[in-house]
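Using the numbering used here, you'd call the opening residue of the first sequence number 56 and step up by one each time. Note that beta-carbon positions come from the ideal geometry of N, C-alpha and C, so glycine has one too. Contents: one structure, followed by commentary.
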Amino acid sequence: MYAKVIVDVPAKQTNRAFDYSVPEALRDWVAVGSRVSVPFGPRKLQGFVVELDDRSVMDPAKVKPIAEILDLSPPLTPDLVQLAHWISQTYLCHEITALQAMIPGALKAKYERHVRVKDDSMGQERPMSGLSGNAVGQHSFLLPAQQEIIRYVAAKGSVEIEALLQRFNSEGKLIKELMAEGYLQEVQMVKDRMTAKKALTVFPPDDPEQLRAWAEQLPSRSAKQKEVLELLAERPVPVKLTDLLNELSISAGTVKSLVEKGWLELREVEVLRDPYSHRSFQRTVPLSLMPEQEQVFQRISRPVMDREHRVFLLHGVTGSGKTEVYLQSIQTCLDQGREAIVLVPEISLTPQMVERFKGRFGDQVAVMHSRLSHGERYDEWRKIMQKQVRVVIGARSAIFAPFTQIGLIIIDEEHESSYKQEESPKYHARDVAIARASQHDAVVVLGSATPSLESMYGTLPEYKAEAAAREDSSQARFRSEQLDLFGASTEAGHPAADNNSQARLTGRRVPFELLTMHNRVEGRPLPRVHIIDMREELRQGNRSMFSRDLYKAIEDRLHKKEQTVLLLNRRGYSTFVMCRTCGYVAECPHCDISLTYHQSSRAIRCHYCGYAERELTVCPSCSSEHIRHFGTGTQRVEEELTKLFPGIRVIRMDVDTTTEKGSHEKWLTLFRNRQADLLLGTQMVAKGLDFPHVTLVGAIAADTVLNLPDFRAAERTFQLLTQVAGRAGRHELPGEVYVQTYAPEHYSIISASRHDYQSFMEKEMTLRKFHEYPPFHRLILITLSHEQVPLLMRTAELLASRIKELAKELQPMPVEVLGPVASPISRIKDRYRFQCMIKYRGEASISRLVHQAVAGFEELERQQKLTISVDVDPQVLM
DNA sequence: AGCACGCCGACT
DNA sequence: GTCGGCGTGCTC
56 MYAKVIVDVP
66 AKQTNRAFDY
76 SVPEALRDWV
86 AVGSRVSVPF
96 GPRKLQGFVV
106 ELDDRSVMDP
116 AKVKPIAEIL
126 DLSPPLTPDL
136 VQLAHWISQT
146 YLCHEITALQ
156 AMIPGALKAK
166 YERHVRVKDD
176 SMGQERPMSG
186 LSGNAVGQHS
196 FLLPAQQEII
206 RYVAAKGSVE
216 IEALLQRFNS
226 EGKLIKELMA
236 EGYLQEVQMV
246 KDRMTAKKAL
256 TVFPPDDPEQ
266 LRAWAEQLPS
276 RSAKQKEVLE
286 LLAERPVPVK
296 LTDLLNELSI
306 SAGTVKSLVE
316 KGWLELREVE
326 VLRDPYSHRS
336 FQRTVPLSLM
346 PEQEQVFQRI
356 SRPVMDREHR
366 VFLLHGVTGS
376 GKTEVYLQSI
386 QTCLDQGREA
396 IVLVPEISLT
406 PQMVERFKGR
416 FGDQVAVMHS
426 RLSHGERYDE
436 WRKIMQKQVR
446 VVIGARSAIF
456 APFTQIGLII
466 IDEEHESSYK
476 QEESPKYHAR
486 DVAIARASQH
496 DAVVVLGSAT
506 PSLESMYGTL
516 PEYKAEAAAR
526 EDSSQARFRS
536 EQLDLFGAST
546 EAGHPAADNN
556 SQARLTGRRV
566 PFELLTMHNR
576 VEGRPLPRVH
586 IIDMREELRQ
596 GNRSMFSRDL
606 YKAIEDRLHK
616 KEQTVLLLNR
626 RGYSTFVMCR
636 TCGYVAECPH
646 CDISLTYHQS
656 SRAIRCHYCG
666 YAERELTVCP
676 SCSSEHIRHF
686 GTGTQRVEEE
696 LTKLFPGIRV
706 IRMDVDTTTE
716 KGSHEKWLTL
726 FRNRQADLLL
736 GTQMVAKGLD
746 FPHVTLVGAI
756 AADTVLNLPD
766 FRAAERTFQL
776 LTQVAGRAGR
786 HELPGEVYVQ
796 TYAPEHYSII
806 SASRHDYQSF
816 MEKEMTLRKF
826 HEYPPFHRLI
836 LITLSHEQVP
846 LLMRTAELLA
856 SRIKELAKEL
866 QPMPVEVLGP
876 VASPISRIKD
886 RYRFQCMIKY
896 RGEASISRLV
906 HQAVAGFEEL
916 ERQQKLTISV
926 DVDPQVLM
């Protein structure tokens, strides 16, 4: 038997499967998805089995055996292995990178290089194995220091090379000699970073009657020991030592003496850490649904029951009760004996959200988010592996939960940009979810109050027509796209092993079905939104950051003891620092960006690289003292608030106040308990929060996002305002929203103020189409960065022309290569940045072409420390 | 990624 | 004449 293995080296030349033989002893263990240790050149590497085969497809003389299997059961399912291949093709990354992203960090291989004394079975000349003083004595040609090293290593069995060099740090050369001459031998080990947590566990004997007999034997002064025996006789199951001690309030000594008598056994047993074990969750029952919810629920649950792959876009206004629909749909899925994945943006993975799911499904739920420790995350993942849970709620990467029977995947707040991973593999969880669902014939629900244009596009007749027209050719073409990107392998990918699994990724997309919920639960009205023209305020002589109306509103809430949420999408104190005499602006010496003043630390700092220096009192350029802080950040608003409203209790939430673990939660709890009057923050306060006493929401500068050089600026502004407006008046008290802006006539702001998604979407669609932007056209952004501009420019030009050249062969397909030009932020951390934009219409093979072009530069990247990053814009893939 | 093999400059 | 620079290629 032979296995195809992807090895743990993310490089162009190793981005293919290597063949290994499966030793007899491992035959029952090695499966598609197994993590193995394999010899690779002179060393050992971790790898993933992606295919099993009865005959070798390559030169049998070269094939080596798999050295070791690293897990008891494969950490990846066959469908995940196939999905990894799809991801590597779609998002242009090495296959190992995609595979690696699917398992918890705890299982990432750690390579340890150890040395040990060579046990030379035939080498009588060097009988070092049973190292006696005598044996060392025979080698009088070894220096005393060398003999000492050998003795040290022999005593320890094996020593990590780094540790040995540290211990004998002046003798590095001698160690090398010993290794070269074969006295010491290097051994490679592939190890996990994490081991399962163990707990001492007490094991009673098989026969509980025996315990009673022993209990009788005990003298009366051993009452505690007797208690233990009686308890175990009553309940003859293994019990954690700590639990036992707590339960009977006894000390470990009591148990120890029983163990010493040989009556009980104490062993270490793996346990799972449960980050939520200390919390009890109030069980909830399904609520009765509103007619609209009921209708949507029916639409979703029917295909779940019929095991049909469908994608629904659920557009539900804030407060329309989407979560209850999710919960009941999941129940339907579980009733089918299948599993469900729920993705939520990291930021809204708050205890409230977890509570709702735990409350409904109890310990059937695993939770995955970045605030968990390495070990906790590993344990949650193992719960899935061991089939202890059937629902996963988590951020982006939870889409890779190793379930085998997925029936439903829900993506809440589907428009959130955090579903796109910034590092390689730069996947978008929405697209991966649809791909994974198609493997399982599962249903996808994309939920949002402000669906992304991409997802909306999927519901349009235009998309359906395009998809239908493409159907035949795309099927055929996709199959050919499964070929190895680099042309290195002649075999067609690895069609993921077992052909009887339903897994088959065609890459073809079904049209999305739009579901709408217009009404809020219990018919609460949406809050009234006032747009405030800040230019008018200025004309009226108000130069403060608060309009008169917003000021009055805040004052009013303070009187009424109601709460306020203020949004400002900018942290720090001011945006930039300028000398009014000469116009000097403080800039980061490492990045092409101005420095932001931070009041608390009296420093100016760079939000890109963290560079900081002391605040300016004198202009470094002209020595003038007329330094002024321009623009407004959260810190400044906080300062202003305490000045204007003496005694006001403000909570400020931004990256600066929430880096500490658990601080996010802490602030929100404080606010919920009404220990503050006003919550001020960046976009993190806009999402998913639900506080009954908030009746006022203010956006201090609604157009900060609008002015960014991004074709999605209007969409993001609309989303942000809609989200933040949804924070007000969610309960009995009616809400009110103030939006301050310098662009009051902008359609994104007007539509948001009218809660009118439809008209915003239509307008934006028209504009996107006209300007040839997504979702009508697709974009791939290639960013190159390097310390030196000339090399950077040369390479960028070369890459652009290479892409053009390759694109020519695809004529008459319209592919535009824009650039190269300097990136909007032309330097970050001392590295200059250039970019190239590829624009084209629905043709998935372009990404492959770009990858091909980029792959040609990998050598250069390695040698010159040049980086090329490729971002496939989130898109509706067909 | 590592590591070996291989072809051209300053040195015992 | 050699030691050593890192350019090119391979790893089942």
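Practice item. Determine the contact status of valine 91 and valine 104, defining contact as a CB-CB distance below 8 Å. Key: Yes, Cβ-Cβ distance for valine 91 and valine 104 is below 8 Å.
Practice problem: Express the C-alpha separation of isoleucine 489 and histidine 140 in angstroms, rounding to a whole number. | Solution: When rounded, the distance between both Cα atoms is 15 Å.
| query | So which of Leu127, Ser343, Gly88 has the shortest CA-CA distance to glutamate 577? | reply | Residue Ser343 is the option with its Cα nearest to glutamate 577.
**Message:** Using only CA atoms, which one of Arg485, Tyr797, Ala754, Leu788 lies nearest to asparagine 762?
**Reply:** Comparing alpha carbon positions, the residue from Arg485, Tyr797, Ala754, Leu788 closest to asparagine 762 is Tyr797.
With DSSP run on the structure shown, which of helix, strand or coil describes cysteine 30? Outside the modelled stretch of the chain, which goes from 56 to 933, sits residue 30, for which no answer is possible.
The ligand NAD heavy atoms versus the CB of serine 678: any closer than 7 Å? With respect to small molecules bound, the structure shown includes none, and the ligand NAD cannot be examined in it.
Roughly how many whole angstroms lie between the Cα atoms of leucine 131 and glycine 88? Whole-angstrom Cα-Cα distance: 4 Å.
Inter-residue spacing [alpha-carbon to alpha-carbon] between glycine 665 and aspartate 611 = Taking the CA atoms as reference points, glycine 665 sits about 39 Å from aspartate 611.
* Asked: If you count every other CB in all the chains shown that lies within 10 Å of the CB of serine 375, and 16 or more means buried, which is it?
  -> It is buried - the Cβ of serine 375 has at least 16 other Cβ atoms within 10 Å.
Note to self: Using the three-state DSSP reduction, which class does lysine 117 fall into: helix, strand or coil?
What the structure shows: Reduced to three states, the DSSP call for lysine 117 is coil.
message: Going by DSSP, what residue range makes up the alpha helix (DSSP H) through methionine 360?
response: Run containing methionine 360: 346 to 361, per the alpha helix (DSSP H) assignment.
**Prompt:** Who are the near neighbours of phenylalanine 455 in its chain, counting only those whose CB is closer than 6 Å to its CB and skipping five residues on each side?
**Reply:** Within the same chain, Met157 come within 6 Å of phenylalanine 455 by CB-CB distance, once the 5 residues on both sides are set aside.
- Task: With DSSP as the reference, label alanine 28 as helix, strand or coil.
- Result: Outside the modelled stretch of the chain, which goes from 56 to 933, sits residue 28, for which no answer is possible.
Could you tell me which uninterrupted alpha helix (DSSP H) segments, each at least 4 residues in length, are contained entirely in the stretch 215 to 294, listed from first to last along the chain? Complete alpha helix (DSSP H) runs here, min 4: 216 to 222, 227 to 235, 263 to 272, 278 to 289.
_glutamine 595 in three-state terms, based on DSSP_ = Per DSSP, reduced to three states, the secondary structure at glutamine 595 is coil, with no helix or strand assignment.
**Message:** Could you tell me the alpha carbon to alpha carbon distance between leucine 300 and glutamate 289, rounded to whole angstroms?
**Reply:** So the two alpha carbons sit approximately 16 Å from each other.
Evaluate the contact criterion for the stretch 791 to 811 versus the stretch 741 to 759: three or more CB pairs, one atom per stretch, below 8 Å. Enough Cβ pairs lie closer than 8 Å, so yes.
- Query: From the DSSP output, which residues share a beta bridge with glycine 753?
  - Reply: According to DSSP, which records beta bridges pairwise, glycine 753 is partnered with Leu621, Tyr793.
Inset, instruction - Kindly indicate the opening and closing residues of the beta strand (DSSP E) around alanine 421. - result: If you look at alanine 421, you'll find it in the beta strand (DSSP E) that goes 420 to 423.
Straight-line gap, glutamate 349 to isoleucine 355 (C-alpha atoms, nearest Å) = In this structure, the CA atom of glutamate 349 is about 10 Å from the CA atom of isoleucine 355.
- Query: When you compare only the Cα positions, how much space is there between alanine 531 and glutamine 407?
  - Reply: Because the pLDDT at alanine 531 is just 44, under 50, the model does not fix this residue reliably, and the value given afterwards should be weighed accordingly. Here the alpha carbons of glutamine 407 and alanine 531 stand approximately 47 Å from one another.
What do you reckon, are the CB atoms on leucine 508 and glutamate 770 nearer than 8 Å? Result yes, Cβ atoms of leucine 508 and glutamate 770 sit closer than 8 Å.
Helix, strand or coil at phenylalanine 103 [DSSP, three-state]
In the structure shown, phenylalanine 103 sits in a strand (DSSP, three-state: E or B).
At the level of alpha carbons, what is the spacing between tyrosine 207 and glutamine 201?
In this model, tyrosine 207 and glutamine 201 are separated by some 10 Å (Cα to Cα).
- lysine 615 classed as buried or exposed, judged by whether at least 16 other C-beta atoms fall within 10 angstroms: The C-beta of lysine 615 has fewer than 16 other C-beta atoms within 10 Å across all chains shown, which makes the residue exposed.
To test your reading of the DSSP string, which unbroken beta strand (DSSP E) runs of 3 or more residues are found completely within the stretch 603 to 670? Within the stretch 603 to 670, the complete beta strand (DSSP E) runs of at least 3 residues are 618 to 622, 631 to 634, 651 to 653, 658 to 660, 667 to 669.
Residue from Gly688, Leu389, Arg579, Phe458 with nearest C-alpha to arginine 707
Of the candidates Gly688, Leu389, Arg579, Phe458, the one whose C-alpha sits nearest the C-alpha of arginine 707 is Gly688.
For leucine 985, which residues of its own chain have a beta-carbon under 6 Å away from its beta-carbon, when the five flanking residues on both sides are left out?
What the structure shows of the chain is the stretch from 56 to 933, and residue 985 is not part of that stretch, so it cannot be assessed.
Review point. Should leucine 937 and valine 64 be called a contact, given that it needs their Cβ atoms to be closer than 8 Å?
Key: For residue 937 there is no data in the structure shown, the boundaries of the chain being 56 and 933.
Item to complete: Out of Leu613, Leu650, Leu605, Leu836, state which residue places its alpha-carbon closest to the alpha-carbon of alanine 667.
Response: Looking at the Cα atoms, Leu650 is the closest of the given residues.
- Helix, strand or coil at glutamate 913 [DSSP, three-state]: DSSP places glutamate 913 in helix when its eight states are reduced to three.
- Neighbourhood of glutamate 215 by C-beta, 6 Å cutoff - its chain only, sequence neighbours within 5 removed: The residues Glu167, His169, in chain order, have a CB closer than 6 Å to that of glutamate 215 in the same chain once the five nearest residues on each side in sequence are set aside.
Start-to-end residues for the beta strand (DSSP E) that takes in methionine 892 = Where methionine 892 is concerned, the enclosing beta strand (DSSP E) stretches over 886 to 895.
For valine 927, report the span of its beta strand (DSSP E) as first-last. Under the DSSP assignment, valine 927 falls in the beta strand (DSSP E) whose first and last residues are 922 to 927.
Handout entry: Which of helix, strand or coil DSSP assigns to histidine 573
Key = Look at histidine 573 here: in three-state DSSP terms it is coil, with no helix or strand label.
On the three-state DSSP scale, how would you describe isoleucine 464? Reduced to three states, the DSSP call for isoleucine 464 is strand.
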